[in-house]
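This report concerns only the one structure given below.
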Amino acid sequence: MKELLIYERAAEQGTLIPLFAEKIHAGFESPAADYEEARIDLNDYVSKYPEATFFARVTGECMVGSGIFPDDLLVVDKSLTPAPGDIVVGIIDNEFILRAYYRKGSQEYLMPDNPYYKPIERNESTQFQIWGVVPHSILDQRRRNSARINRFEQLLR
Amino acid sequence: MLALIDSNNFYVSAERVFQPELQGKAGCVLSNNDGCAISRSNEAKETLGIKMGTPYFEMRELQQSGDLWWRSSNYTLYQDMMRRITAIVRRTFPDQEIYSIDECFCDLQGFKYHDLQQLALELRAKILQYTGVPVCIGIGATKTLAKVANKLAKKHHKETGVYVMETPEQVEAALKLTEIDDVWGIGPRYAIKLIRKGVYNAYDFTRLPEDFVLKLMTIQGRRTYLELHGQRCIPMEYDRPDKEGISTARSFGVMETELAPMEEALATYVANAALKLRAQRSVCSRIFVFCHTSRFAVVENLYSAGLDVKIDVPTNDTAVLIKAALGALRKIYVKGPRYQKVGIELRDLRSASQVQASLFEQVDTAKTAKLQKALKVIDQLNQNYGKDTIRYAAMGFEKKWFMKQEFLSRRFTTRLEEVIVVQAK
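Here the protein sequences line up with chains A and B, keeping their order. So the numbering used here is basically just the index in the first sequence, starting at one, shifted up by 17. So the numbering used here is basically just the index in the second sequence, starting at one, shifted up by 42.
Okay, here's the thing in structure tokens:
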């Protein structure tokens, strides 16, 4: 089972990460002050078209092969046209689902990236819409620590 | 040329973007307090005959039988979707006037040698893909003609959603298709007058002699007349002029009889209005406070009262305004009636830089500057950390009077904790 939670990207400013950090000694004016530049804005990196960008939250594991785990945050860009291989948010039976778009000949598929899940083939009985393309996903690495530690234990055994 | 870009059934369309289960089914969005339908899907209009303002209780059976869905109005969501749409429009047509939450006018002066039909078609497709909201685009020589074109796009060109009136023949054909009461600027009263005189559509209206129109409908009517003739009388407003009065009034979720909750509601309205006042850098020197019962109440329980209070030194300080408003409310409140609504209007607005001291009170400029600084910080905190983070005690905490929004969808685009939960099989 898989769930998507949809919400919006932050206001214009977003979280700013300083591009340049200089240790400053008290009493001296920073010699680097003249070289200060605008900070890196992650929003610019993840979304080319903010008006068409939404965020979604994942639950479920059908895309673990693509490195998308439960509770990860997805950037969903509705301005992009899905190309084969793209991870997409689709709509089937009035529900949002996460899969990868694939085309073979004239046949279209929504593919899982996990051998335990089945491909969805577009046919008479199964119709799907594509709501948006997922150009980036954000994984909370610290939340995966215990899974990682388990693997280390296996290795060290 | 001017373009009018107007979202189709905007509130319903915005709800559908995030709730696919609402697609293709008759539905509507309800007014504040879930009173009546204010936005309807095409299915609700065409197959169920639901009108603008059809009251909630008349639709209850349809909703229970599953033939109709409804939602309370989710202005947070609509405002965000509107912001997205207008920004996309601006990338194609930069000279833009945002006319209302679901409409904007664009001046196409710089697009003389472009294929406007093609540009409009591309823009419409883009908005639909990028936001999921369908729009219609009407293009004409004036605002009134752009409105005419937009209506025709909605009515007769559903597939393309675009209607361009460039040649005189196109204009004439469009005006003949536009009933007189569908013309922007002609109210129902004048429409009836005109129909009595045999003026059934916009084309008939443009055939009238100008003097006759001026006599029958005064200067406003002539403005519409000239606009339909392709003469621009209503200018583009790129910056909204500052408001002359700011009012906030809302109906209670349930009728209110006690003074305390009414005071809390009133204080909250004052705080909202004062925020708007500061945003436009104005002050006000009078505040009008009113309350009334439902007009459907039994006759002996009908009550309505209002009081206009003068403020000695014009201000935009929430605390001063709340104090004045509460003082007025206590004077007009009587125990007994079941109140439906309480509200305020800030009057006599002027620029904050033109404040005059009253005869008996010195304006302490240092103190005023300090106060303005404090208010600015409060407004900033409330903007960053959510409305009412810093609040005046008079606004209360319980909000028992708060409006009824039983069928509110979540704020999918602005709140992490209110996101959609969707399952895939």
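For every residue, glycine included, the Cβ atom is placed at its ideal position computed from N, Cα and C.
Closer than 8 Å by beta-carbon distance: list the chain B residues that pair up with residue i, in chain order.
i: I108/A; result: P62
i: K95/A; result: Q171, Y172, T173 and G174
Taking its Cβ as the centre, do 16 or more other Cβ atoms sit within 10 Å of residue i, making it buried, or is it exposed?
i: K95/A; result: buried
i: T431/B; result: exposed
i: P62/B; result: buried
i: E138/B; result: Position check: residue 138/B holds Gln in this sequence, whereas Glu was assumed. It is buried - the Cβ of Q138/B has at least 16 other Cβ atoms within 10 Å.
i: P230/B; result: exposed
i: A167/B; result: exposed
i: E68/A; result: buried
i: R102/B; result: exposed
i: S293/B; result: buried
i: V3/A; result: Since the first residue shown for chain A is 18 and the last is 174, residue 3/A is missing from the structure and cannot be characterised.
i: D144/B; result: buried
i: Y155/B; result: exposed
Leaving out the 5 sequence neighbours to the left and right, which residues in its chain are closer than 8 Å to residue i when beta-carbon positions are compared?
i: V93/A; result: I23, T70, F71, F72, A73, V106, W148, G149, V150 and V151
i: L165/B; result: I47, I130, V131, T134, F135 and I179
i: N358/B; result: A316, L319, R320, S324, V325, C326, A394 and L417
i: M297/B; result: T335, S336, R380, Y381 and Q382
i: N162/A; result: none
i: I386/B; result: S289, T290, A291, L308, Y311, V312, A315, I329, F330, V331, F332 and A367
i: R120/A; result: P101 and Y126
i: A117/A; result: M80, S83, G102, D103, I104, V105, L127, M128, P129 and D130
i: R389/B; result: G287, C326, S327, R328, I329, F330 and D350
i: E241/B; result: According to the sequence displayed, residue 241/B carries Val and not Glu. Around V241/B: I222, F247 and L250.
Please compile the residues from chain A whose C-beta is within a distance smaller than 9 Å of the C-beta of residue i.
i: R433/B; result: Near R433/B there are no residues of chain A at all, since even the closest Cβ is about 22 Å away, more than 9 Å.
i: I179/B; result: In chain order: nothing, as chain A lies at least about 17 Å away.
i: A129/B; result: P67 and E68
Do we get a CB-CB distance below 7 Å when we pair residue i with the residues of chain D?
i: Y172/B; result: Of the protein chains in the structure, A and B, none is chain D.
Can you find the residues in the same chain that come closer than 6 Å, C-beta to C-beta, to residue i, ignoring five residues on each side of it along the sequence?
i: V206/B; result: L158, Q159 and I181
i: V81/A; result: N131
i: F65/B; result: It is worth fixing the name first, because residue 65/B is Gln in this sequence and not Phe. Correct list, in chain order: R58.
i: R113/B; result: E57, V71, F449 and S451
Tell me which residue opens and which closes the beta strand (DSSP E) that residue i is part of.
i: E145/B; result: E145 to D149
i: E47/B; result: Contrary to the premise, residue 47/B reads as Ile rather than Glu in this sequence. L44 to S49 is the span of the beta strand (DSSP E), which, as asked, contains I47/B.
i: V106/A; result: I104 to I109
i: M437/B; result: Element bounds for M437/B: n/a, residue is neither H nor E.
i: S83/B; result: Counting along the chain, S83/B falls outside any beta strand (DSSP E), and DSSP gives it neither H nor E.
i: P152/A; result: Q146 to I155
i: D224/B; result: Here D224/B belongs to no beta strand (DSSP E), and DSSP marks it neither H nor E.
i: P356/B; result: S346 to T357
i: L236/B; result: That residue, L236/B, is in no beta strand (DSSP E); its alpha helix (DSSP H) goes P230 to R238.
i: D94/A; result: L90 to D94
i: Y172/B; result: No beta strand (DSSP E) contains Y172/B, which is instead part of the alpha helix (DSSP H) from L158 to T173.
i: A313/B; result: That residue, A313/B, is in no beta strand (DSSP E); its alpha helix (DSSP H) goes L301 to A321.
i: E286/B; result: Premise fails: E286/B is in no beta strand (DSSP E) and is neither H nor E.
Provide the residue span of the alpha helix (DSSP H) that contains residue i, from first to last.
i: D421/B; result: T407 to Y427
i: R380/B; result: First-last for R380/B: undefined, no H or E at that position.
i: H198/B; result: K185 to H198
i: P210/B; result: P210 to L219
i: V54/B; result: F52 to F60
i: L368/B; result: T360 to I374
i: Q65/B; result: Segment: none, Q65/B is in no alpha helix (DSSP H) and carries neither H nor E.
i: K65/A; result: Run containing K65/A: none; DSSP gives neither H nor E here.
i: G263/B; result: E252 to L270
i: I166/A; result: N162 to L173
i: D133/B; result: The sequence shown places Arg at residue 133/B, not Asp. It spans Y117 to T134 - the alpha helix (DSSP H) in which R133/B sits, taken as one unbroken run.
i: Q124/A; result: Segment Q124 to M128 is the beta strand (DSSP E) holding Q124/A; no alpha helix (DSSP H) there.
i: R249/B; result: A244 to R249
Run through chain B and tell me which residues come within less than 7 Å of residue i, C-beta to C-beta.
i: I133/A; result: According to the sequence shown, residue 133/A is Tyr rather than Ile. Within chain B, no residue comes near Y133/A; the closest Cβ sits about 14 Å away, beyond 7 Å.
i: M86/A; result: Looking at the sequence shown, residue 86/A is not Met but Phe. Residues of chain B passing the Cβ test: none, with the nearest at roughly 16 Å.
i: F145/A; result: Ordered by position in chain B, no residue passes the 7 Å Cβ test against F145/A, which lies about 10 Å from the chain.
Just the chain B side, please: which residues come within less than 9 Å of residue i by C-beta, in chain order?
i: E176/A; result: Residue 176/A cannot be examined here, being either before or after the span of chain A that is shown, 18 to 174.
Which same chain residues end up closer than 7 Å to residue i when comparing Cβ atoms and leaving out the 5 residues on each side of it in sequence?
i: S73/B; result: I80 and S115
i: L475/B; result: Coverage of chain B is limited to positions 43 through 467, which leaves residue 475/B absent and any answer about it impossible.
i: R264/B; result: E252, V255 and L256
i: Y98/B; result: L72, D76, G77 and C78
Which chain A residues sit within Cβ distance under 8 Å of residue i?
i: R58/B; result: Correct list: empty, because the minimum Cβ distance to chain A is about 11 Å.
For residue i, is the beta carbon positioned less than 6 Å from some heavy atom of the ligand ADP?
i: T118/B; result: Absent from the structure shown: the ligand ADP. Ligands present: none.
inquiry  = Three Cβ pairs or more, each shorter than 8 Å: is that satisfied between the segment 142-152 of chain A and the segment 109-128 of chain B?
reply    = Result no; under three Cβ-Cβ pairs closer than 8 Å.
ask   = Is there contact here, the segment 256-272 of chain B with the segment 180-190 of chain B, by at least three beta-carbon pairs under 8 Å?
value = At 8 Å Cβ cutoff, the stretches touch.
query = Okay, do the segment 218-228 of chain B and the segment 295-313 of chain B touch, 3+ Cβ pairs below 8 Å being the bar?
reply = Cβ pair count under 8 Å is below three, so no.
inquiry  = Can you confirm whether the segment 366-384 of chain B touches the segment 407-421 of chain B when touching is taken to mean that 3 or more C-beta pairs between the two stretches lie within less than 8 Å?
reply    = By the C-beta criterion, the segment 407-421 of chain B is judged not to be in contact with the segment 366-384 of chain B, since fewer than 3 inter-stretch pairs fall below 8 Å.
inquiry  = Can you confirm whether the segment 294-304 of chain B touches the segment 376-388 of chain B when touching is taken to mean that 3 or more C-beta pairs between the two stretches lie within less than 8 Å?
reply    = Here the segment 376-388 of chain B lies against the segment 294-304 of chain B, with 3 or more beta-carbon pairs under 8 Å apart.
task = Could you tell me whether the segment 214-223 of chain B touches the segment 236-256 of chain B, where touching means 3 or more Cβ pairs closer than 8 Å?
result = Flag = yes, the segment 214-223 of chain B and the segment 236-256 of chain B touch.
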